[in-house]
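To convert, note that position 46 of the sequence shown is 46 in the UniProt record's numbering; the numbers rise steadily by one, no gaps.
Built from N, CA and C at the ideal position, the CB exists for glycine as well.
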Amino acid sequence: LFSAVDAQTATRWHLTEINDRNIDFAWTYTAAHPATKHEYFITKNGWNPNEPLARASFDSAPFCYVDGGNVLPISGAKHSCVIPNDKSGQHVILGIWTVGDTDAAFYNVVDVNVLAEAALPGGWNHVGNITPASTLLPGDKVKARAFTANGESPSHSVEIGIASADAGKPEKWSFALAEQINKSQKLVRAGVRDDAGNIVPIEGENKLYAQKDSGVTRYEVQLNMQEDAAARLMVASLQPEYVLDKGQAKVDFGVIANRTMNIEATLFDQNNKSVGSTAVQMDSGTTMQSIDIRSIPGTHTLTLVGTTLDGRTTRQDNRTVNVTGEGGAHEYDFEFPNNIGEYTAGTTVLQPKTGNVYECKPFPYSGYCKQYSPAANGYEPGVGAHWHMAWDQK
Numbered sequence: 001l002f003s004a005v006d007a008q009t010a011t012r013w014h015l016t017e018i019n020d021r022n023i024d025f026a027w028t029y030t031a032a033h034p035a036t037k038h039e040y041f042i043t044k045n046g047w048n049p050n051e052p053l054a055r056a057s058f059d060s061a062p063f064c065y066v067d068g069g070n071v072l073p074i075s076g077a078k079h080s081c082v083i084p085n086d087k088s089g090q091h092v093i094l095g096i097w098t099v100g101d102t103d104a105a106f107y108n109v110v111d112v113n114v115l116a117e118a119a120l121p122g123g124w125n126h127v128g129n130i131t132p133a134s135t136l137l138p139g140d141k142v143k144a145r146a147f148t149a150n151g152e153s154p155s156h157s158v159e160i161g162i163a164s165a166d167a168g169k170p171e172k173w174s175f176a177l178a179e180q181i182n183k184s185q186k187l188v189r190a191g192v193r194d195d196a197g198n199i200v201p202i203e204g205e206n207k208l209y210a211q212k213d214s215g216v217t218r219y220e221v222q223l224n225m226q227e228d229a230a231a232r233l234m235v236a237s238l239q240p241e242y243v244l245d246k247g248q249a250k251v252d253f254g255v256i257a258n259r260t261m262n263i264e265a266t267l268f269d270q271n272n273k274s275v276g277s278t279a280v281q282m283d284s285g286t287t288m289q290s291i292d293i294r295s296i297p298g299t300h301t302l303t304l305v306g307t308t309l310d311g312r313t314t315r316q317d318n319r320t321v322n323v324t325g326e327g328g329a330h331e332y333d334f335e336f337p338n339n340i341g342e343y344t345a346g347t348t349v350l351q352p353k354t355g356n357v358y359e360c361k362p363f364p365y366s367g368y369c370k371q372y373s374p375a376a377n378g379y380e381p382g383v384g385a386h387w388h389m390a391w392d393q394k
């Protein structure tokens, strides 16, 4: 009867991640029986998750015991337990509810991935890390935000400011924040355990620990970075006009930046529709960029947006671009295969694989226009083996 449930592999069941060894179990009771006890067992260290689950897979003694008093239990009541410090990684937890008015017992299991670190001596529980990843500048701030079961805890949150370039080095501000936490908090500590068992800050990654009485369950480190006011970005040069040949042209232009940036340049037509774009990372200085466009003659707008690599600063420059020459097969309703469910007789699409525009044939052939998948593309415009049955090239 239960063979399907007993079947066990390392990937068969969903694993619930456990990030805190202090855990609450709750039962929903569908039958009214008094409870003599609730017991919670966990699989043995070294158990094989690819063997069928058996009672022998579990420790013989429960890691958590709750006396039921031989009274009716309350649905949803929580049993507060602690996952043993020597348990980590993939395990199965077995819960047993023994009833008082029969010889029966009820069983339930949950597959878990124990990620929580073992509690340190003295009741210190790991609740987060100060990871020195970004270089900060004078005027920036970094804050360790504490959270309890009820939300953010301002009284356990700590913030420091960056006063100099040296203080903004990742290892420096990590140390300074950990030091400030230890100075201002009694139930929270930051650092690493030394040979004497003390938690002391280091110039590197510091761990955050909290006593259970603090209520703190986790920390998040927030970087409040000031904008780089000296950062500059602009379009340096444009041609007087860009001439279309059958609706296509290459728009080349210069860019000046005094910071290394990720830049994105987009050309919009008179209807604010993008007709071409490019995205690159450029070093400080002057570079030439280009955009291949498909459009019609008229006034266009070049929008240049750049963001510094640290993400703290964004700059933008817009320029008017004069596009002349010969318009081509530029008008289309969709870019294939976007919105394929809306294709009907007369629908025009741009096929990016060929650069051409195609029009869906009238009924009864229009039904073929919607028939497409990457594995069955016989009617794909300009590409499929039978595309002529569904489409006309414009």
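Distance between beta carbons of residue j and residue i, contact taken as under 8 angstroms
i	j	result
T344	S366	6 angstroms
N50	A7	Actually they do not touch by this definition, with Cβ atoms about 10 angstroms apart.
G123	Q211	5 angstroms
N322	E264	Actually they do not touch by this definition, with Cβ atoms about 22 angstroms apart.
E359	G346	7 angstroms
K87	V66	With 8 angstroms as the limit, K87 and V66 do not qualify as a contact, their Cβ atoms being about 19 angstroms apart.
residue 397	Q226	This structure leaves residue 397 out entirely; the chain is present only between 1 and 394.
Reduced DSSP secondary structure (H/G/I, E/B, other) of residue i
i	result
S57	helix
K44	coil
S274	strand
I340	helix
M389	helix
N125	strand
L1	With a pLDDT of 48 at L1, under the threshold of 50, the predicted position of this residue should be treated as unreliable, though the coordinate-derived value follows. It is coil, neither helix nor strand.
S75	coil
I181	helix
K394	coil
W13	coil
D252	strand
W97	strand
residue 401	Residue 401 lies beyond the residue range present for the chain, which begins at 1 and ends at 394; the question has no answer from this structure.
H33	coil
K141	strand
S290	strand
Y358	strand
A26	strand
A176	helix
Closest by C-alpha distance to residue i, when choosing among the options
i	options	result
R145	L177, V114 and D228	L177
V275	S295, P62 and Q281	S295
Y372	P364, F363 and H386	H386
F336	H300, R259 and E380	E380
N237	I199, T286 and G197	Just to set this straight, residue 237 is Ser in the shown sequence, not Asn. The shortest C-alpha separation from S237 is found at T286.
N108	L267, W27 and V243	W27
I42	E331, P62, F25 and I291	P62
Q239	N206, T320, G311 and T303	T320
W173	N150, N206 and G298	N206
A165	L137, F147 and F175	L137
E203	T278, A196, T260 and T131	T131
Distance between residue j and residue i (C-alpha atoms, nearest Å)
i	j	result
L1	N85	Any answer about L1 is weak, because its pLDDT of 48 lies below 50 and its placement is not dependable; what the coordinates show is given next. Cα to Cα, the separation comes out at about 35 angstroms.
P34	V158	48 angstroms
G215	W97	29 angstroms
G100	A32	11 angstroms
D252	S155	56 angstroms
P374	V114	41 angstroms
residue 440	V255	For residue 440 there is no data in the structure shown, the boundaries of the chain being 1 and 394.
P52	R12	11 angstroms
T135	A54	53 angstroms
V305	M282	12 angstroms
V110	S60	17 angstroms
V82	P170	35 angstroms
A390	K273	27 angstroms
E39	A118	22 angstroms
heavy atom of the ligand MN below 7 angstroms from residue i C-beta
i	result
P62	Among the components of this structure there are no ligands whatsoever, and the ligand MN is therefore not found.
Pair every Cβ in the region 245 to 265 with every Cβ in the region 214 to 221, then say whether three or more of these pairs are closer than 8 angstroms. The answer is no - the region 214 to 221 does not touch the region 245 to 265, with fewer than three Cβ pairs under 8 angstroms.
Evaluate contact between the region 311 to 323 and the region 226 to 239, counting only Cβ atoms and requiring at least three cross-stretch pairs below 8 angstroms. The region 311 to 323 is in contact with the region 226 to 239.
*Three-pair Cβ contact test at 8 angstroms for the region 174 to 188 versus the region 126 to 133*: Using a C-beta cut-off of 8 angstroms, the region 174 to 188 makes contact with the region 126 to 133, since at least three inter-stretch Cβ pairs fall below that distance.
Count Cβ pairs between the region 71 to 88 and the region 101 to 109 that sit closer than 8 angstroms; are there 3 or more?
With a cut-off of 8 angstroms, the region 101 to 109 and the region 71 to 88 do not count as touching, because too few Cβ pairs lie within range.
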